[in-house]
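Each residue of the sequence shown is one higher than the one before, starting from 1 at the first, in UniProt numbering.
Okay, so here's the structure we're looking at.
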Amino acid sequence: MRLTHFHTEANGVTLNTSAGIMQIAFCTPGIAGIRYTLDSEFSGKQSLMVVNRPERQDVQLKVADHSGHLEISTELLKVMVDKSTCAFSYWDSSGSLLAAEPSGGGKTLERTDVYRTIFDASADGVETDRGADGFRARAEGMNRIFDRQAYHTKLEFDWQAGEALYGLGSHEEGMMNLRGKHQYLYQQNMKAVIPALLSTRGYGILVDSYSYMSFHDDSFGSYIWTDVDDEMEFYFIYGPEFDQIIAGIRYLTGEAPMLPKWAYGYVQSKERYVSQEELIDTVQEYRGRGLPLDCIVLDWQSWTGELWGQKTLDPQRFPDPSEMMRKLHALNAKLMVSIWPIMKEGGDNHREMSEHGFLLGNQATYDAFTDEARRLYWKQAHAGLFSHGIDAWWCDCTEPFEADWKGAVKPEPEQRMLMNTAEAKLYLDPEYINAYSLLHSKGIYEGQRSVTDGKRVVNLTRSAYAGQHRYGAVTWSGDISANWETLRKQIADGLNFCAAGSPYWTLDIGAFFVHNHKDLWFWNGDYNDGVADLGYRELYVRWFQLGACLPMFRSHGTDTPREIWQFGEPGEPFYDTLAKYLKLRYRLLPYIYSLAGAVAHHSYTMLRALAFDYREDARVHDIDDQFMLGPAFLVAPVTTAMYYGPGSRELQGVSKSRSVYLPAGEWYDYWTDERIEGGQTLEAKADLETLPLFVRAGSIIPVGPDVQYADERPEAVIRLKVYPGKDAEFTLYEDEGDTYNYEAGAYSTIEMRWCESDRTLTIGGRTGSYDGMPGDRQFAVEIAGKSGQSIVSYQGDPVVVREDEIEV
């Protein structure tokens, strides 16, 4: 392929080549959108993920025509086009190479026929069954007919030595640095796809495609391949820091809204609470024991009998939903309810969807790609649930077509991909099989926003796609199994999900499957005795410690109970350790909620691979079991058994420590305030009660009181603990907690700065206000490693506290 001619436009360049046309168009000085087609003009399709496309922008650029190449540059980014091959390379403003396609050219389009399914109306029916993954329906009697032509696309890169890559979403294999790896990108239980990559060279790539994709950096090459697209379209995003790249991804795909404050507290769930009495009794038990809790979850089968997916509650078990919600709210607890996109014949919801023609070919799953179907789905959810006071949604099974959750032997990865993508293509356009969850989430968010701005949308969903975060979605990692290997892999899975630009990820603390069903490959936990097994109790405690440091702190699973008291009683090590970390989470809520404010207002990421903050330190690139929680905390979860194996088998001679790498700089042991020099690997104390937790020198951490729910004591004293060693700053963010008034500016921020040279903490003037904001408050200032504190009365004006003023 060679460049034949080009013409410059307001924000980019169109390239005519010997094999099609390309376009380089800048959204911002650091974001270039690239399109390529073999057709005579570009596709007019609407992007489902991108909300700020290049045609809306006005970017100053320069175009330089050299003998062998073309340069298109802005103040931040330069794209060079080899005229003889049309290979692109990307450079920063200082002339450093960021990324390059192979010299022979890195963009390939291959025409492919696209087929759609015609379902035979005269055929007898739909085959249905019920498995561990819920109700499923599969149509029989169908024909495939030609629909159109599209392209397979292939985007190749010559990645550089020492370059590390992250992103692509949450997958079950526990891959961290994606160099040298291969990943299939399709939606499935335990697979949540986001087609975005971050590089330690200081750039990101976002692929605007919704079909099945694959990523390769192996013996077959280094590329991203898509199955069905009208054209190739992707974005090259310059940082160079990861936070700047994430800001670019969110600029393209939309910002993440604030979740309600309660969503950062503890969410108690299990499979399943069967009645309103059990829900209320469980919350009352938490309150009676003084154990914090903000939300309880009503899992599947809350409907009547076998009416799967009906969005109303069984009147026998939930006789008065409005009164149930009144009682839960009186206990200062919220309720999250599981809803499904698939509906079984016989219920009102199914009948109404069918009468309007809003069901897909299996006559069970609603068509989330249709505006009218999404509106009807919300209407049903509102009438049956939200109108009674339900607080949050659990949109389960948002990758609605699967074919491999059966049998004793797990199919090979390629076989699983072929089975599952083929099943999805029966009912969905092959170009859009990865986008169902994105559109489903859109319907829930827009539906709830159309009814009220007084309650923020929370949607816990099993699948994800780029842009879904703008709909108040939190993704969890699917139906995982209870063993130590899974626990370890989950850390990398979550970090790569957030590295792809979506900030809210969580998991089932303790894993969904605990027992081992040898006839089902996915039901392979190690603990057939559940909570009675001391080995499972140890695993659960370690999982709980990890969960306390995630954006959403949530326990869930089947086979065995999950409430804190199921693991012992006060005075016993498992119970006491769980209570310790439950209360720690609540004390850290001022810090965590401030991070949430930074997510919404500044495109921040709270769950951070170490490369976010130390990308130039090659030693962190492959670390898959440590992470940063915000700017201050380095978390090193324990991912091996130290006390018990399965069957309560006591382990002997196992060290109660774990290896931790502390990047360069000074650190503090959170538990002891011991000051530690970074740039080294150390053996950290890690007995059952101790999660290795370190604080970066140059941190300010706001700490709240012990509370039973997130909003219990808004006027309580906040401890400001300073970790000296270098200058520090932190922004305390506060708002009403559960309205969208913050979108109109109803929130406050207080900038706090520690000056290392003169050893002073400045609590800046408060900016902004909101209804219910405490007028006067107190801060208790502490310095790590020193005893005593200074109580500061604060009315919104700046206050300076000197270290020598702190009383011992």
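Even glycine gets a Cβ: it sits at the ideal position worked out from N, Cα and C.
Only a predicted model underlies this, so the values are computations on that prediction, with no experimental measurement involved.
In this structure, Ala403 keeps its C-beta atom at 8 Å or more from the C-beta atom of Tyr235. When secondary structure is reduced to three states using DSSP, Gly547 falls in the helix class.
Apart from the 5 residues on each side of it in sequence, Phe318 sits with its Cβ closer than 8 Å to the Cβ of Ser275, Gln276, Ser302, Met324 in its chain, given in chain order. Annotation: His440 to Ala424 spans about 15 Å, alpha carbon to alpha carbon. Ala579 places its beta carbon 8 Å or farther from that of Tyr527.
Between Ala596 and Tyr251, the C-beta spacing is not below 8 Å. For Cys86, no beta strand (DSSP E) segment is defined, and its DSSP state is neither H nor E. Straight across, the Cα-Cα distance linking Leu15 with Thr4 is about 8 Å. With 16 or more other CB atoms across the displayed protein chains lying within 10 angstroms of its CB, Asn362 is buried. Gly290 and Pro29 have their alpha carbons spaced roughly 53 Å apart. Within the same chain, Asp217, Asp218 come within 8 Å of Gly180 by CB-CB distance, once the 5 residues on both sides are set aside. Around the beta carbon of Val409, fewer than 16 other beta carbons sit within 10 angstroms, so the residue counts as exposed. Here Asp294 is buried, its C-beta having at least 16 other C-beta atoms within 10 Å. The beta-carbon distance between Phe553 and Arg585, rounded to whole angstroms, is 6 Å. This is short enough to meet the 8 Å contact definition.
Sequence-distant Cβ neighbours of Met22 in its own chain, meaning closer than 6 Å and more than five residues away, are Leu15, Tyr36. The beta-bridge partner set that DSSP reports for Asn16 consists of His5, Ile21. The residue from Gly20, Leu77, Leu607 with its alpha-carbon nearest to that of Asp39 is Gly20. For Thr421, the enclosing alpha helix (DSSP H) starts and ends at 413-427.
Residue environment: Gln316 is assigned as exposed (fewer than 16 neighbouring CB atoms within 10 Å of its CB, all protein chains considered).
DSSP places Pro503 outside any alpha helix (DSSP H), giving it a letter other than H or E.
Beta-bridge analysis with DSSP links Arg111 to Tyr151.
Separation of the CB atoms of Pro292 and Leu582 is rounded to 6 Å, and the pair is thereby assigned contact status at 8 Å. Annotation for Leu328: no beta strand (DSSP E) segment contains it, though the alpha helix (DSSP H) segment containing it runs 321-330. Put simply, the backbone Cα of Leu546 is about 23 Å away from that of Leu335.
Beta-carbon to beta-carbon, Leu98 and Tyr166 are separated by about 16 Å, too far to satisfy the 8 Å threshold.
The three-state reading of DSSP puts Val267 in strand, counting E and B together. Only residues of its own chain outside the window of five on either side were considered, and among them Ser73 have a CB closer than 6 Å to the CB of Lys62, listed in chain order. In the structure shown, Asn143 adopts extended strand secondary structure according to DSSP, grouped into three states.
An exposed status is given to Gly772, since fewer than 16 other beta-carbon atoms sit within 10 Å of its beta-carbon. Val654 is classed as exposed because its beta carbon has fewer than 16 other beta carbons within 10 Å across all chains shown. In this chain, the beta strand (DSSP E) harbouring Ala196 covers 192-199.
DSSP, read as helix, strand or coil, puts Gln789 in strand. Annotated three-state conformation of Gly44 is coil, per DSSP. Considering only Met417, Trp394, Ile390, the residue with the shortest C-alpha distance to Trp405 is Met417. Counting C-beta pairs with one atom in each stretch, the region 531-540 and the region 243-261 have fewer than three that are closer than 8 Å, which means they do not touch.
Sequence-distant Cβ neighbours of Leu360 in its own chain, meaning closer than 6 Å and more than five residues away, are Asp367, Tyr427.
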